[in-house]
Amino acid sequence: KRQTVISSYSPTKSIRNVENGLGSLPSTPSASTPTSNGLKDSDFVHVRDLGAGNYGAVLKVFHVPLQKTMARKIVNVDLRLNVQIQILRELRILHECRSPYIVEFYGAFIRSNNSVVLCMEYCNCGSLDKLAQLFFDNPFPLAVLKVLLYSILSGLNYLYDTHKIIHRDIKPSNVLMTHKGEFKLCDFGVSRELTNSVALADTFVGTSTYMSPERIQGNLYSIKSDVWSMGLMLYELASGLSPWADAEPEGVPAVRATKTVGAEGILDLLQRIVNEESPTLRNMKNKFTKEPFDPDMCQFVDKCLIKDDQQRADTQSLLKEPFLEQASRGDYNKEVKAWAKIIRKLLKE
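Residues in the sequence shown are numbered consecutively from 1, following the UniProt record's numbering.
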């Protein structure tokens, strides 16, 4: 059942307070503040840290009034008041996102210390980059890869068709898995200001590996830019290798932590993405099984990684690819749910 109590807490109230001349954004409400259905720090119990970076931190928390576990992302920003207000306005669209392929959003507010607090659905199995490291010496099951790609494409389609949103940051850390074997997108570019702030804090490194040639060159881009990123991610998860492994800067390993060789920095990485031939799984053997890759998957990757975005496949056509036919019918749901159960045991959660 959707928790409309939390979802009904809109950033509108904070925005209205500022626009009515109160002079500053309200800090996080205290327990005594009358916030009717609002989010209050005092209502949350910290369970454990999920991750941290230059941008801030992600926490697993428990919301006592609703008896619900959530993920709470705290993003540190240092922005002008009018930009903070714009961030809250832009984040309001998250309340309208209703898709099984998108992480559910419960609310957002800005603290007095200029940190943006986002409260979201907690996905028990974590992000794909963590799962890839967990399965370092084992392949991702083909059924899992098919359901994963079908879910990502369905999520991208929903964001664009319903809200005209391009994700802009498809990478393993931005795809989460639930205990039911569901894959969901998070951290999409609803707020340009917030996205830019996080990008500056996190540096250009994390995203650049998956960035499309047209974005690197500063050209206009579309949802097909997300398709490129998704294709690279599939290549990595299937092969256990990064196509740019010997060009990635130190500290930016492949998704399975493949050792990099001859790191020459970000500039070298970007030049290779733009100038070298697109990665392909054809004529390669799976390093885990020593067998050739599934032909339908090879074709799928090739259509995602066409350099010319005008020729690159779009999300609608990719959903009709033979590679995803069984996933679209739900044929693998039980198998993927069983895999998620294994993940939970490995994580001991």
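Here a beta-carbon is modelled for each residue, glycine too, at the ideal position from N, C-alpha and C.
Residue i classed as buried or exposed, judged by whether at least 16 other C-beta atoms fall within 10 angstroms
| i | result |
| --- | --- |
| proline 322 | exposed |
| lysine 224 | buried |
| threonine 315 | buried |
| proline 249 | Confidence at proline 249 is low in this model, with a pLDDT of 46, below 50, so the placement of that residue should be treated as unreliable; the coordinate-derived value is given next. So proline 249 ends up on the buried side. |
| glycine 181 | buried |
| glycine 218 | exposed |
| asparagine 174 | buried |
| histidine 95 | buried |
| leucine 118 | buried |
| glycine 206 | Low local confidence applies: a pLDDT of 48 at glycine 206 is under 50, so the model's placement there is unreliable, and no value is given. |
| proline 279 | buried |
| isoleucine 342 | exposed |
| leucine 153 | buried |
| residue 416 | In the structure displayed, the chain extends from 1 to 349; residue 416 sits before or after that span and is not available. |
| proline 172 | buried |
| phenylalanine 136 | exposed |
| lysine 164 | exposed |
| residue 351 | Beyond the ends of the chain as shown, which are 1 and 349, falls residue 351; an answer cannot be given. |
| arginine 344 | exposed |
| arginine 98 | exposed |
| alanine 313 | buried |
| threonine 209 | buried |
| valine 75 | buried |
| leucine 81 | exposed |
| tyrosine 329 | Strictly speaking, residue 329 in this sequence is arginine, with tyrosine absent from that position. That one is exposed. |
| valine 45 | exposed |
| lysine 348 | exposed |
Residue i, enclosing alpha helix (DSSP H) - first and last residue
| i | result |
| --- | --- |
| asparagine 333 | 333-347 |
| alanine 238 | 224-239 |
| isoleucine 216 | 213-216 |
| glycine 155 | 142-163 |
| alanine 327 | 325-328 |
| aspartate 268 | 266-275 |
Beta-carbon separation (whole angstroms), residue i vs residue j, contact threshold 8 Å
| i | j | result |
| --- | --- | --- |
| isoleucine 266 | aspartate 226 | With a Cβ gap of about 21 Å, isoleucine 266 and aspartate 226 do not count as contacting. |
| lysine 184 | tyrosine 122 | With a Cβ gap of about 11 Å, lysine 184 and tyrosine 122 do not count as contacting. |
| leucine 305 | tryptophan 244 | Rounded, the Cβ-Cβ distance is 12 Å, inconsistent with contact. |
| leucine 270 | serine 239 | Not really, about 22 Å apart at Cβ, beyond 8 Å. |
| lysine 303 | leucine 318 | 7 Å |
| lysine 73 | glycine 56 | 7 Å |
| alanine 71 | glutamate 335 | The pair is not a contact, with the Cβ atoms about 26 Å apart (cut-off 8 Å). |
| cysteine 125 | alanine 340 | 6 Å |
| leucine 176 | serine 127 | 5 Å |
| methionine 211 | isoleucine 273 | 7 Å |
| methionine 120 | phenylalanine 140 | At roughly 25 Å, the Cβ-Cβ gap does not stay under 8 Å, so methionine 120 and phenylalanine 140 are not in contact. |
Endpoints, beta strand (DSSP E) assigned at residue i
| i | result |
| --- | --- |
| threonine 315 | Unbroken run through threonine 315 is the alpha helix (DSSP H), 315-318; no beta strand (DSSP E). |
| serine 99 | Unbroken run through serine 99: none, as it is neither H nor E. |
Under the three-state DSSP convention, the category residue i falls into
| i | result |
| --- | --- |
| proline 172 | helix |
| arginine 282 | coil |
| leucine 220 | coil |
| proline 295 | helix |
| residue 368 | Since the first residue shown for the chain is 1 and the last is 349, residue 368 is missing from the structure and cannot be characterised. |
| lysine 303 | helix |
| arginine 48 | strand |
| valine 64 | coil |
| lysine 130 | helix |
| proline 34 | In this prediction, proline 34 has a pLDDT of 25, which is less than 50 and means its spatial position is unreliable; nothing more can be read from the coordinates. |
| serine 242 | coil |
| arginine 92 | helix |
| proline 322 | helix |
| isoleucine 87 | helix |
| phenylalanine 135 | coil |
| cysteine 125 | coil |
| histidine 167 | coil |
Cβ-heavy atom distance, residue i to the ligand SAM, below 7 Å
| i | result |
| --- | --- |
| histidine 167 | The model depicted lacks the ligand SAM and carries no ligand whatsoever. |
One or two residues paired with residue i in a DSSP bridge
| i | result |
| --- | --- |
| residue 352 | The structure shown has nothing for residue 352, since the chain only spans 1 to 349. |
| valine 75 | Gly56 and Val116 |
| lysine 184 | Leu176 |
| phenylalanine 109 | Val117 |
| threonine 69 | Phe62 |
Minimum Cβ-Cβ distance from residue i to chain B less than 8 Å
| i | result |
| --- | --- |
| valine 301 | The structure shown has no chain B; it contains just one protein chain. |
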